[in-house]
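Novice: With this note's numbering as the guide, the letters of the sequence shown map in order to residues 33 to 1216.
All C-beta atoms in this analysis are idealised placements derived from N, C-alpha and C, irrespective of residue type, glycine included.
Bear in mind that the values here come from a model prediction, so they are computed numbers and not experimental data.
Starting off with a structure, shown below.
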Amino acid sequence: MRLWEIINSILNPETDSKRQEQLHRDNFDTKWFGVEFNENSRKPCFHDYGRYVKLASETEMEAGTQHPSITCFVGETGHGKSTLINALMKIHRHTTLAPDQVPVMGTFRELDEPTSDAVHLFADPITYNTNRPYFYADCEGLSGGTKIPMATRAYQGVKNFRQKRRHARNDPGDNGITWARGQEKSRQWMVENLYPRVLFTFSDVVCFVTRNFRTLENVISKLIRWADKVFQQSVNQPVLPYAVIVVNALEVSDIASPWWDIDGTTGDQLRKRAECIKDDPFMVKCVEKWRSLGKTINNLEELLMCYYSGIKIVCIPHAKESPAVIEQQYKVLYKVMEEGSQKAYDLRIKAGLLMTSEELDVYLRHAFHHFSKNPSKPFNFLAAAFHHNPVSSTFKDHIAKAAVHVMTQSPQMSGTDMFKLLAPLVASCILLDAFRSRYPHGASTIFPLYQKFCEDALAEVYEKHWRCEKRDKKGRRCANVATGHSKGHQLEDGKVFGVGDFSSAYIENSNKERDNFIRTISSELDRLLKEFSAGQGISVVAQYHCNRVLKKYARYWNWKGDTSDHGDHDIAPLTAHTTCFSCLSGTPIHALTCGHIICERCAENYSTLSTSSFWREISICPLCSNTESPWEIPWKYKTRPKHTGLRILSLDGGGIRGIIQLKVLEALERKINLGVPIQDFFDLVVGTSSGGIIALALASKRMSVTECINFFSDFSEQAFQKRTGADLPVMKTLVEATYHSKYETRGIDRVLKEKFGDESIFGGKREPGGPEMLRAGVTTISSSGHPYLVANYNRPLTEDLKIKYNFLRAENSHQELKTWEAARATSAAPRFFKPFFHKPTGYSFNDGGLRFNNPVVVADQEWKLLWPNLANKHPDILLSIGTGYDPTPKPDLDKQGRRLRAKRGALEFAKVLLKIATQQIESSVGCEQTWSNFLRSLPIQDEDKAAKYHRLNIDLPNKLPTIDQVDQMANLKRSSEDFCYNNPLIDQISTKLIASLFYFRLDGSSRVTQGTLNKWDCEGTILCRLEPGSDALKRLCKRLETRRNGLPRRNHLFFMNERRNSRGTPDQQLIAEDSLFDNVTKGKPFEMKINFSMFGPEDSMRIFLSLSDKECDVSLISGFPCRILKEHDAYRPLARVDSARTQRGHKSKAPSFYSAVSVNSSASSLSGIFRGVVTKAGAKSSSY
């Protein structure tokens, strides 16, 4: 388009009323936020329509690389706000944008009518795909009064738009404005008071648009009033917006008028109106207010600078002026906006609060909720930052534990000296956590988030852990702490040597002690912050923390003490299971070679990638500070590839019937036939009773299935050894009543100790280069009847009341259950074995089958807690394996128990309770019912349930053995083999497990416009979890190559389609080239490059692996179905295609709105977007 055509389209909009209404309806999706009024009650409700999220997610930039800037346009109704935004978006590109990309402009016939409603948001096409995208917020006019905007009238009465309005809302919750009273319920009040709270708080630039140049002092007064109303509605706001007064449609007689000079006009007008601060009553009050706070206000500009970071006046010519002059001034306005945005950018960097697109969304959501719920309370930026990345609620406990440990190692040290010693460590840990969490930079902003935790930690140590300072005549110190001083002064041996209250210097000088501790931390944090800028990476801070800070405390984390039952003295590591002493903020997860345990973030900070992309290596322990003598053999841990799904295994209880599960797993491993242990196809296994023992054998001991079968057979023979007299009919009841068990405990204890050894289930020293343990958990029941999960992994604690079990984690290795003890605890079936008593903790445990004989609910909950970022997706597979099923109805022992209690007394009732417990453990019906209930609870379609959730169990009507019928194991093995032979379920699940080895990585995407439709051209890579060069990968690829060569078109190994299409009609078949298999044979990784197209970020795609022509041999690869553009964060722009031009052989001179690149390329027709594309390869928790 030529210049005059562009200017004409901007200044002379569509005037037809019906066309205007349609434009408003087309523009509905540009609504950002606003207040809607209930049609019946007229109650206002604040809504976020999801516009910002949509714009931020559709950009072609990589996630986390964009730092958006918002410019808001406010002013009187009919003064041209929407027109200016149109101009800024069009003037540089000289092109026409779609209706959903620009605001609808008002007409000259309706200057007093509000045009748009609420606040709309638009993206600047020039900067949209850059690191600093500009967004324009178009706010409803200030003087619209109670008039309904034209946009609202266009929506009303149109049924599909009422429905669209409901579905468009992106509210995180109920945002009803219940506090509104009287005029506060009016549209005008919301526009003038509520909307500015958001816009003033988050805008880098505020453009106040006016046509009344002759009364500019009134316009300035309104600009100050607009800010003053909301100035105190936010605290810790890092940046004040830059103000631009835009005088729109200015009529001048001279084309070379000095009005077009923004610096001259701004300075001249502010000087001419400098004295208006003495005449305007509102401004007089503002001046008095600021002067009372110590601010010097002598002129108008100084008053303006109290509210804004800068001020400019830009004049835009009237439509009758030359198009060249109009264009010039539009570009001047754009340049001023850029300057204001850059100033805000610099200030945000200095404040350490430069927000990415994703982070800004989090802050906006907090603000929307806050302003709709708390009219009188200001929005706190730091509180929002704290909420986004909350300081651990146990940070206080972590500090207190560090203090107690130092106190134990240095009992003669005074409290003052102890906290003086700890202050630098606490300060460095705060710095490390702040950099990890991207908190605002600066001690004055960071430390207040942590100060309360530090104060509470000091108080807790003195109140709960600090011993009374009273001493006896021999100088021995009182052993009692403040909360346990009821007996007076006592020595460690219990002898009372005096009466009186708790005595401590802290009691007398608590405020001084607290202030000194806080002052020292703050001072040290300030010193550290001066060494590091906000732009420095976390690795630099982490290395400093390790080499310069933790090294000074190494002697406290490694001490010479009593480390064995025999009293041997040696250097031993501090083995804390609930506190990462490396950072005082994480949950210990990784047990290192030295015995120290560090959190996930510390492991990442102090590790490097090994030669394989799946493994990370650690040669230096931050707590040992062995920087000068790193380990010769690094400690390794395996990482889960990004964008892979999860594989979960759940194993029922059932005593000797657990052999069924092992035979099923053996059949799956044989069917897969890759030489890979079956446990390597799962990320988590949860078991109960015999299923728990199998889980620990597979996961913690890394036994093969064959080894497990042999072990389980031996275990069953040795565990079920009857007590003397238990076979005699007369003696049986007496023996069981006396020993509370049918079988000897020594047998089961001995076989478990022999097989699992003396290792703790979690923590302890780990051999470098040892096998990676699969995460495993087993269920058990405490003597009080409360269910627990004992696991070989650690995770953050939770207080979620919906979780019906506790996660059992000891404070240190001395109290932790050993692996054999966990196996014993989960299998202590009442009547069969005595409860397992754990001496270090005093806990007594029974069989987990009393509550979770089928632990699928626990398994489902645990993977969501372990991988919370995947909690909203379904796993690749959740496989539940039973121990046999007998559908024959059984008598209701619960009713029988109630009858016996009434008729025969407590003794007979107790016997029946034992039978009920036994039946609960032995019941196969209950396990099947648990599975059915679990499936019904899933918010997923039946088709996907069949693909993701599987249950394998053998039907054994009238011949299901009891849990102790060892002589039936041979029959169970045969029944299991018969069940697995040619079973399509075994085929289907084995195919699913093989397919889960493959996953997808998006390498780039580009939006392509074809007429009125858009599509995304994507390129990516199908990868494999198997190690490059491994026999398993070579064997798998040989199988795939054989499969491919047997196909007619040699292209049916992988295929892709949309979620809505059936699996039997693939849209796009993906070719595996010869070079792919050649590379794998040479030891290179499996990397299959693919290209495909899709219509939008919300499209859910599926990639399948086909191992044969049978339907059971076709399965989704890992992580699918998947909304690829939305869930993958590798938005790397590819070469753009403009179909209309490239089909004619021309380069695109006008790239579309959503792209920064345009090249000459051929484009496929719309009918081929998904077909025929050729692709080249290349629970609460408890501590004790």
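Is the beta carbon of T607 sitting closer than 9 Å to the one on H430?
Specialist: Cβ atoms of T607 and H430: not closer than 9 Å.
Novice: Alpha carbon to alpha carbon, what distance is there between K1024 and F263?
Specialist: Using only the alpha carbons, I get a separation of about 58 Å.
Novice: Taking the alpha-carbon of Q753 as reference, which of F743, L730, P709 and D781 has the nearest alpha-carbon?
Specialist: Answer by Cα proximity: D781.
Novice: Straight-line CA distance for S535 to N512?
Specialist: Straight-line Cα distance between these residues: approximately 10 Å.
Novice: Skipping 5 residues on each side, what residues in its chain have a beta carbon closer than 8 Å to that of W64?
Specialist: So the qualifying residues of the chain are D80, Y81, R83, Y84, A150, V151, H152, L153 and A169.
Novice: Whole angstroms are fine: how far does the CA of D558 sit from the CA of L255?
Specialist: Distance between the alpha carbons of L255 and D558: 38 Å.
Novice: Using a Cβ-Cβ cutoff of less than 6 Å, which residues in the same chain neighbour I39 once the five nearest sequence positions on both sides are dropped?
Specialist: Here the set comprises P355 and I358.
Novice: Give, in chain order, every unbroken run of the alpha helix (DSSP H) that is at least 4 residues long and sits entirely within the stretch 366–409.
Specialist: Whole alpha helix (DSSP H) segments, 4+ residues: 389–405.
Novice: For the stretch 980–993 and the stretch 911–918, state whether three or more C-beta atom pairs, one from each stretch, are separated by less than 8 Å.
Specialist: Verdict: yes, contact present.
Novice: Taking a contact to mean a Cβ-Cβ separation below 9 Å, would you say M387 touches R380 in this structure?
Specialist: Contact: yes.
Novice: Taking DSSP's pairing of strands, which residues face I630 in a bridge?
Specialist: Per DSSP, H622.
Novice: On the premise that P620 lies in contact with Y638, defined as a C-beta separation below 8 Å, what is that separation, rounded to the nearest angstrom?
Specialist: The pair is not a contact, with the Cβ atoms about 14 Å apart (cut-off 8 Å).
Novice: Determine the closest residue to F232 out of T247, P709, V241 and Q269, with distance taken between C-alpha atoms.
Specialist: Ranking the options by Cα distance to F232, first place goes to Q269.
Novice: Would you mind working out which of Q1000, E391 and T242 sits nearest H350, comparing C-alpha positions?
Specialist: Here the closest residue by C-alpha is T242.
Novice: Please name the residue, chosen from K1005, K905, A891 and A978, that lies closest to A962 on a Cα-to-Cα basis.
Specialist: The displayed chain sequence assigns Thr, not Ala, to residue 962. Residue A891 is the option with its Cα nearest to T962.
Novice: Could you give the distance in angstroms between the alpha-carbon of R51 and the alpha-carbon of T184?
Specialist: If you take the alpha carbons of R51 and T184, they lie about 15 Å apart.
Novice: Look up Q893 in the DSSP assignment and say whether it is helix, strand or coil.
Specialist: Note: Q893 maps to helix in three-state DSSP.
Novice: Using 10 angstroms around the beta-carbon of Y1013, count the other beta-carbons present and answer buried if the total reaches 16, otherwise exposed.
Specialist: Its Cβ having fewer than 16 others within 10 Å, Y1013 is exposed.
Novice: Going by the DSSP bridge assignment, what does E649 pair with across the sheet?
Specialist: DSSP output for E649 lists T640 and K668 as bridge partner(s).
Novice: Applying the criterion that 16 or more other CB atoms from any shown protein chain within 10 Å of the CB defines a buried residue, is D48 buried or exposed?
Specialist: By the neighbour-count rule (16 or more Cβ atoms within 10 Å), D48 is not buried but exposed.
Novice: Below 8 Å, how does it come out for the stretch 444–451 and the stretch 541–552: are there three or more Cβ pairs, yes or no?
Specialist: With a cut-off of 8 Å, the stretch 541–552 and the stretch 444–451 count as touching, because enough Cβ pairs lie within range.
Novice: Please classify G1078: is it buried, with 16 or more other beta-carbons within 10 angstroms of its beta-carbon, or exposed?
Specialist: Burial call: exposed.
Novice: Going by C-alpha distance, which of H609, Q1000 and F234 is nearest L840?
Specialist: Comparing Cα positions, the closest option is H609.
Novice: If you check the beta carbons only, do L365 and V251 fall under 9 Å apart?
Specialist: No, these two residues do not count as a Cβ contact at 9 Å.
Novice: Flag this pair as yes or no: are the beta carbons of L582 and L454 separated by less than 9 Å?
Specialist: Not in contact: L582 and L454 (Cβ atoms no closer than 9 Å).
Novice: Does the Cβ of G326 have 16 or more other Cβ atoms within 10 Å, making it buried, or fewer, making it exposed?
Specialist: By the 10 Å Cβ count, G326 comes out exposed.
Novice: Looking at L728 and V810, is the spacing between their C-beta atoms short of 9 Å?
Specialist: Cβ distance < 9 Å, so V810 and L728 count as in contact.
Novice: What separation, rounded to the nearest whole angstrom, lies between the Cα atoms of N59 and T91?
Specialist: Their Cα atoms are separated by approximately 20 Å.
Novice: How many Å lie between I180 and P146 at the Cα?
Specialist: Going by the C-alpha atoms only, they are around 7 Å apart.
Novice: Near L226, what residues of its chain come up, given a Cβ to Cβ distance below 7 Å and the 5 sequence neighbours on each side ignored?
Specialist: Closer than 7 Å at Cβ, skipping near neighbours: V67 and F403.
Novice: Short check: CB of V4 to CB of I117, under 9 Å?
Specialist: Since the first residue shown for the chain is 33 and the last is 1216, residue 4 is missing from the structure and cannot be characterised.
Novice: So G916 and I1018 are supposed to be a Cβ contact under 8 Å. How far apart are they, rounded?
Specialist: About 16 Å; that fails the 8 Å criterion.
Novice: Rounded to the nearest angstrom, how far is the Cβ of F744 from that of L694, given a contact under 8 Å?
Specialist: Confirmed, about 6 Å.
Novice: Would you tell me roughly how many angstroms separate the C-alpha atoms of P1243 and I650, rounded to the nearest one?
Specialist: Because the chain is modelled from 33 through 1216, residue 1243 falls outside the range shown and cannot be assessed.
Novice: Go ahead and pull the three-state DSSP assignment for M450.
Specialist: Here M450 sits in helix by DSSP.
Novice: Could you please give the first and the last residue of the uninterrupted alpha helix (DSSP H) stretch that includes A855?
Specialist: Where A855 is concerned, the enclosing alpha helix (DSSP H) stretches over T851 to T858.
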